[in-house]
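**Q** One structure is given below, represented as structure tokens, and several questions about it will come after.
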Amino acid sequence: MSEVKYSKEHEWIKLEGDVATIGITKHATEMLGDIVFAELPEKGSSVEKDGTAGVVESTKAASDVYTPVSGEVVDTNQAIVDDPSKINQDPENSAWFFKLKIKDVSEMESLMNKEDYDKFAKENAQ
Amino acid sequence: MNTKKTSLYKLHQDCNAKFVEFAGYHMPIQYSEGIVEEHKFTRNHSGIFDVSHMGQLFIYGGDELIKDLEKIFPLDLKNLKLNHSKYSFLMDKDAGIQDDLIITKISGGFLIILNAACKNDDFKILKDLLNEKYKMDLDENRSLIAIQGPKSSQILNEVINKVKDLNFMSGNWFLFDNQKVYITRSGYTGEDGFEISIPNNFADKLTRELIDKGSKLVGLGARDTLRLEAGLCLYGHDLDKDKTPVEANLKWAISKERISKGDFIGSDIIIKQLNNGVTKIRVGIKPEGRIIAREKTKIFNQSDVHIGEITSGTFGPSVNGPVAMGYVENEFSKKNTKVFLEVRGKKYPASICGLPFYKKSYVKGAN
Chain P
0 MSEVKYSKEH EWIKLEGDVA TIGITKHATE MLGDIVFAEL PEKGSSVEKD GTAGVVESTK
60 AASDVYTPVS GEVVDTNQAI VDDPSKINQD PENSAWFFKL KIKDVSEMES LMNKEDYDKF
120 AKENAQ
Chain D
0 MNTKKTSLYK LHQDCNAKFV EFAGYHMPIQ YSEGIVEEHK FTRNHSGIFD VSHMGQLFIY
60 GGDELIKDLE KIFPLDLKNL KLNHSKYSFL MDKDAGIQDD LIITKISGGF LIILNAACKN
120 DDFKILKDLL NEKYKMDLDE NRSLIAIQGP KSSQILNEVI NKVKDLNFMS GNWFLFDNQK
180 VYITRSGYTG EDGFEISIPN NFADKLTREL IDKGSKLVGL GARDTLRLEA GLCLYGHDLD
240 KDKTPVEANL KWAISKERIS KGDFIGSDII IKQLNNGVTK IRVGIKPEGR IIAREKTKIF
300 NQSDVHIGEI TSGTFGPSVN GPVAMGYVEN EFSKKNTKVF LEVRGKKYPA SICGLPFYKK
360 SYVKGAN
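Chains as they are written, first to last, in numbering that gives the first Met the number 0: chain P, 0 to 125; chain D, 0 to 366.
Shown next, in the form of structure tokens:
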């Protein structure tokens, strides 16, 4: 089983072979509130580690979504664009954002495991 | 300056409110169910809003006060019946809006509900304009609780008998727990509802009783989405000192009788704008698709010329899509005019539309 890793920008990433699935964490959705808009990167585009790769908006504000690793976008989840409330319902599973063919697997090393992320999220909660 | 707490602070905490600082007060932005659920619950059932941060200004006086207030507000106050309310504005000499407000004729004077962020300035301005002739009380000892939505009349009537007999935009004194409360049938959500002015010590008790009868607390977040769907302005965003009531498309609130006299502050500019038109005007804006255009979003015409700016924009849960309002150059203000909104560097199509986005008739007669 591949391990899920987490970024300080509250994204999760699951690597299977050389394809990573990326979404935002439950903690992130709780901070954002009701998500009413999602914008995803274009299929075929390249994204750079820590660069913006989408936007989510709640009724209150817009927030950028970052990619925790570099790569080429091979798939995006149209279901969350059509119904952004799915992101609140199942953020760390069916409401994934995009899939990347990753460029450099070593970029995964700086990311947190679940235990460290939970601690980080707790410390960063208001 | 210390951030103030309203009398419902403890209740907000008990209901897991997320707080924000708003106009110097700790106010609930939302509770555990979130803005969308709170919004829908208000539209379908009944929501309670703590609006105690707003100013409750009592001014006492007779006929002379009416004459003096008519020099300030563009209202036909001498024909305003006892316990009836009107929407109006405090303007400067250039007709710039310093605040928007609701004024109610009460026995012995007037009650004016002011925006929280403006209330202290308003008090000073009005005191000066009235030459300190009248007793004025910006009452900090009373809370203001709004209950809004189709079930509110029934719920409030279970707690305060006969309140459902009130007509829209009128009020009266009632008793709750032997305390005098002033209730008006009004609100700012596009729903039927009431605003209750109650002594601070009794606000918590009243609100808990309303919750027991099936209403729920709703935060400022949903108050914003509700009022925007209803096409209502938020001071400091859609209205400010650089905008006049004519530009804000609120000329319906200016008394024709008073325009013919032209003797109130700002009347020169108002009359000029009514006769000659305005260069910019407030309109509803409906983005195509799901893109949300927020405050300060630039508006362009089809030739890519900058023609205005969004002043409020969000996602409307009842409309189930984005909604916005803003100011555009007058020639682009016609309904269905195609415009473009610049969001994160890209231009998205939208069209000028009528307001409100969400329509529901207010209760006019008693029920």
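Glycine included, each C-beta is placed from N, C-alpha and C at the ideal position.
#1: Starting from the C-beta of D/N15, find all residues in its chain whose C-beta is less than 8 Å away, skip the five residues before and the five after it, and write them out in chain order.
#2: Quick one: which chain P residues come within Cβ less than 8 Å of D/Q29?
#3: Should D/P355 be labelled buried (16 or more other beta-carbon atoms within 10 Å of its own) or exposed?
#4: Out of D/N114, D/V277, D/L79, D/I195, point me to the one whose CA is closest to D/N417's CA.
#5: Please classify D/E37: is it buried, with 16 or more other beta-carbons within 10 angstroms of its beta-carbon, or exposed?
#6: Starting from the C-beta of D/I278, find all residues in its chain whose C-beta is less than 7 Å away, skip the five residues before and the five after it, and write them out in chain order.
#7: Along chain D, which residues have their Cβ under 9 Å away from the Cβ of P/K126?
#8: For D/K255, tell me which candidate among D/F72, D/G33, D/F18, D/G60 has the shortest Cα-Cα distance.
#9: For D/C352 and D/S332, I'd like the C-alpha separation in whole angstroms.
#10: Sort out for me which residues DSSP pairs P/D63 with in a bridge.
#11: From this set, D/E208, D/H236, D/L74, which residue's C-alpha is nearest D/H83's C-alpha?
#12: Quick one: list the residues of chain D neighbouring P/E106, beta-carbon separation under 9 Å, in chain order.
#13: Go ahead and pull the three-state DSSP assignment for D/T41.
#14: Taking 8 Å as the threshold (beta carbon to beta carbon), is P/V72 in contact with chain D?
#15: Is there a C-beta anywhere in chain D that falls below 8 Å from the one on P/F97?
#16: Pick out whichever of P/G70, P/K13, P/F36, P/F119 has its Cα sitting closest to the Cα of D/G288.
#17: Spell out whether any CB of chain D is found under 8 Å from the CB atom of P/V54.
#18: Below 8 Å on the Cβ atoms is my guess for P/S57 versus P/D81; work out the distance and round it to an integer in Å.
#19: Counting only Cβ pairs nearer than 8 Å, list the residues of chain P close to D/I291.
#20: Per DSSP, which one or two residues make a beta bridge with P/E71?
#21: Using DSSP with H/G/I as helix, E/B as strand and the rest coil, what is P/M30?
#22: Tell me the rounded alpha-carbon separation between P/I12 and P/V3.
#23: Have a look at D/T188, D/K179, D/L205 and flag the residue whose alpha-carbon is nearest the alpha-carbon of D/K359.
#24: In chain P, what lies closer than 7 Å to D/R42 by C-beta?
#25: Could you check if D/Y234 belongs to the surroundings of the ligand NAD, using beta carbon to heavy atom distance under 7 Å?
#26: Enumerate in chain order the residues of its own chain whose CB-to-CB distance from D/H186 is below 6 Å, with the five nearest sequence positions on each side excluded.
#27: Report buried or exposed for D/R343, applying the criterion of at least 16 other Cβ atoms within 10 angstroms of its Cβ.
#28: For D/R226 and chain P, any beta-carbon pair shorter than 8 Å?
#29: Quick one: Cα of P/M107 to Cα of P/H9, how far?
#30: Could you tell me whether the Cβ atoms of D/T243 and D/I102 are closer together than 8 Å?
#31: Just to confirm before moving on: does the CB-CB distance between P/L99 and P/G70 stay below 8 Å?
#32: Which residue comes first and which comes last in the beta strand (DSSP E) that contains D/D99?
#33: Kindly indicate the opening and closing residues of the beta strand (DSSP E) around D/L91.
#34: Can you give me the C-alpha to C-alpha distance between P/A161 and D/E63, rounded to a whole angstrom?
#35: Tell me D/G325's beta-bridge partners as DSSP assigns them.
#36: Please check if any C-beta of chain P sits within less than 8 Å of the C-beta of D/R343.
**A** Put simply:
#1: Taking the second sequence and counting its residues from 1, one reaches residue 15 of chain D at position 16. Answer for D/N15: Y30, S31, listed in chain order.
#2: Start at 1 with the first residue of the second sequence, and residue 29 of chain D comes out as number 30. Going along chain P in sequence order, the residues near D/Q29 (Cβ under 8 Å) are G32.
#3: Indexing the second sequence from 1 puts residue 355 of chain D at position 356. By the 10 Å Cβ count, D/P355 comes out buried.
#4: Residue numbering for chain D in the displayed model covers 0 to 366; residue 417 of chain D lies beyond these limits and cannot be assessed.
#5: Here residue 37 of chain D corresponds to residue number 38 of the second sequence, with the count starting at 1. Counting the other Cβ atoms within 10 Å of the Cβ of D/E37 gives 16 or more, which makes it buried.
#6: Within the second sequence, the letter at position 279 stands for residue 278 of chain D. In the sequence under discussion, the amino acid at residue 278 of chain D is Thr, which differs from the Ile named in the question. Hits under 7 Å: E328, N329.
#7: There is no way to answer for residue 126 of chain P, as the model of chain P reaches only from 0 to 125.
#8: Walking along the second sequence from the start, residue 255 of chain D turns up at place 256. Of the candidates D/F72, D/G33, D/F18, D/G60, the one whose C-alpha sits nearest the C-alpha of D/K255 is D/F72.
#9: On the second sequence, position 353 is the one that residue 352 of chain D refers to. On the second sequence, position 333 is the one that residue 332 of chain D refers to. For D/C352 and D/S332, the distance between alpha carbons rounds to 9 Å.
#10: Here residue 63 of chain P is taken as the residue at index 64 of the first sequence, counted from 1. Paired residue(s): P/V54.
#11: Here residue 83 of chain D refers to the residue found at position 84 of the second sequence. Comparing Cα positions, the closest option is D/L74.
#12: Within the first sequence, the letter at position 107 stands for residue 106 of chain P. Correct list: empty, because the minimum Cβ distance to chain D is about 26 Å.
#13: Counted from its first residue, the second sequence places residue 41 of chain D at position 42. Here D/T41 sits in helix by DSSP.
#14: Indexing the first sequence from 1 puts residue 72 of chain P at position 73. Not one chain D Cβ lies under 8 Å of P/V72.
#15: Position 98 of the first sequence, counted from the first residue, corresponds to residue 97 of chain P. No, P/F97 lies away from the interface with chain D (no Cβ there is under 8 Å from its Cβ).
#16: Numbered from its first residue, the second sequence carries residue 288 of chain D at position 289. Considering only alpha carbons, the answer is P/F36.
#17: Numbered from its first residue, the first sequence carries residue 54 of chain P at position 55. Interface residue, yes.
#18: One-based indexing of the first sequence puts residue 57 of chain P at position 58. One-based indexing of the first sequence puts residue 81 of chain P at position 82. About 17 Å; that fails the 8 Å criterion.
#19: As a working mapping, residue 291 of chain D is identified with position 292 in the second sequence. Going along chain P in sequence order, the residues near D/I291 (Cβ under 8 Å) are V35, F36, E56, A61.
#20: One-based indexing of the first sequence puts residue 71 of chain P at position 72. Looking at the DSSP output, P/E71 bridges to P/S45, P/K100.
#21: Here the question's residue 30 of chain P lines up with position 31 in the first sequence. Helix.
#22: Indexing the first sequence from 1 puts residue 12 of chain P at position 13. Indexing the first sequence from 1 puts residue 3 of chain P at position 4. About 6 Å.
#23: Counting from 1 along the second sequence, the entry for residue 359 of chain D is found at position 360. The option with the nearest alpha carbon to D/K359 is D/T188.
#24: Numbered from 1 along the second sequence, position 43 holds the residue referred to as residue 42 of chain D. Result: empty, since nearest Cβ-Cβ is about 14 Å, beyond 7 Å.
#25: Questions concerning the ligand NAD fall outside what the structure shown contains, since it holds no ligand whatsoever.
#26: Within the second sequence, the letter at position 187 stands for residue 186 of chain D. In the sequence on display, residue 186 of chain D carries Gly and not His. Excluding sequence neighbours, D/G186 sits near A145, Q147, G192.
#27: For this step, residue 343 of chain D is matched to residue 344 along the second sequence. Answer is exposed; the Cβ neighbour count stays below 16.
#28: Translated into the one-based positions of the second sequence, residue 226 of chain D becomes position 227. Not one chain P Cβ lies under 8 Å of D/R226.
#29: For the purposes of this step, residue 107 of chain P is taken as the residue at position 108 of the first sequence. For the purposes of this step, residue 9 of chain P is taken as the residue at position 10 of the first sequence. Their Cα atoms are separated by approximately 14 Å.
#30: Looking up residue 243 of chain D in the second sequence gives position 244. Looking up residue 102 of chain D in the second sequence gives position 103. No, they are not a contact pair.
#31: Taking the first residue of the first sequence as position 1, residue 99 of chain P is located at position 100. Taking the first residue of the first sequence as position 1, residue 70 of chain P is located at position 71. Yes, the Cβ-Cβ distance between P/L99 and P/G70 is below 8 Å.
#32: One-based indexing of the second sequence puts residue 99 of chain D at position 100. Per DSSP, D/D99 belongs to the beta strand (DSSP E) from 96-105.
#33: On the second sequence, position 92 is the one that residue 91 of chain D refers to. Before going on, a small fix: residue 91 of chain D reads as Asp here, not Leu. Following the DSSP letters along the chain, one finds D/D91 in no beta strand (DSSP E), marked with neither H nor E.
#34: No statement about residue 161 of chain P is possible, as the shown extent of chain P runs from 0 to 125 and does not include it.
#35: Position 326 of the second sequence, counted from the first residue, corresponds to residue 325 of chain D. Beta-bridge partners assigned by DSSP to D/G325: D/V282, D/I309.
#36: Residue mapping note: residue 343 of chain D aligns to position 344 of the second sequence, counting from 1. Judged by the 8 Å Cβ criterion, D/R343 is in contact with chain P.
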